[in-house]
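To start, the structure itself, in structure tokens.
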């Protein structure tokens, strides 16, 4: 099972075993990761699961809906911004670290 590290802006880290086939957001919510609010339940409609991906591994491309929501996120959008609800965990994500964007960070 892939292990994903969720890092807070203060550097605190939480490692989560994330089953393949579910979203990074669901893994975070199921493990009480602070800062992943997931208010829309994973529908790419709120941007409250915004994360910054810290490495260059290939991930699913950003959809038009995700792109639009990232423009509306409360934390600054960067080239590393993703909505964790739109990233489905697979075995290639083992060891991935994402930084929880948090609100207004």
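Residue numbers (my numbering): 683 to 787.
Beta carbons: idealized from backbone N, C-alpha and C, even for Gly.
CB-CB under 7 Å to residue 722, same chain, minus the five flanking residues each way: which ones, in chain order? Here residue 722 refers to the residue found at position 40 of the chain shown. Around residue 722: 728.
Where residue 769 falls: helix, strand or coil (DSSP): Start at 1 with the first residue of the chain shown, and residue 769 comes out as number 87. Assignment of residue 769 by DSSP, reduced to helix, strand and coil, places it in the coil class.
Is the segment 754-770 touching the segment 707-720 in the sense that three or more CB pairs, one from each, lie closer than 8 Å? yes
Within a Cβ cutoff of 6 Å, which residues of the same chain sit near residue 754, ignoring the five residues on either side of it in sequence? To locate residue 754, count along the chain shown from 1; it is residue 72. Cβ neighbours of residue 754 beyond the five flanking positions: 729.
With respect to the alpha helix (DSSP H) encompassing residue 750, which residues constitute its N-terminal and C-terminal limits? Along the chain shown, one-based indexing puts residue 750 at 68. Here the alpha helix (DSSP H) through residue 750 covers 746-754.
Going by the CB atoms, is the gap between residue 686 and residue 752 shorter than 8 Å? Residue mapping note: residue 752 aligns to position 70 of the chain shown, counting from 1. Residue mapping note: residue 686 aligns to position 4 of the chain shown, counting from 1. Against a cut-off of 8 Å, the Cβ pair of residue 686 and residue 752 comes out as no contact.
Span of the beta strand (DSSP E) around residue 781: Within the chain shown, numbered from 1, the residue matching residue 781 stands at position 99. Boundaries of the beta strand (DSSP E) harbouring residue 781: 779-782, taken from the DSSP string.
Where the alpha helix (DSSP H) containing residue 711 begins and where it ends: Here residue 711 is taken as the residue at index 29 of the chain shown, counted from 1. Residues 706-712.
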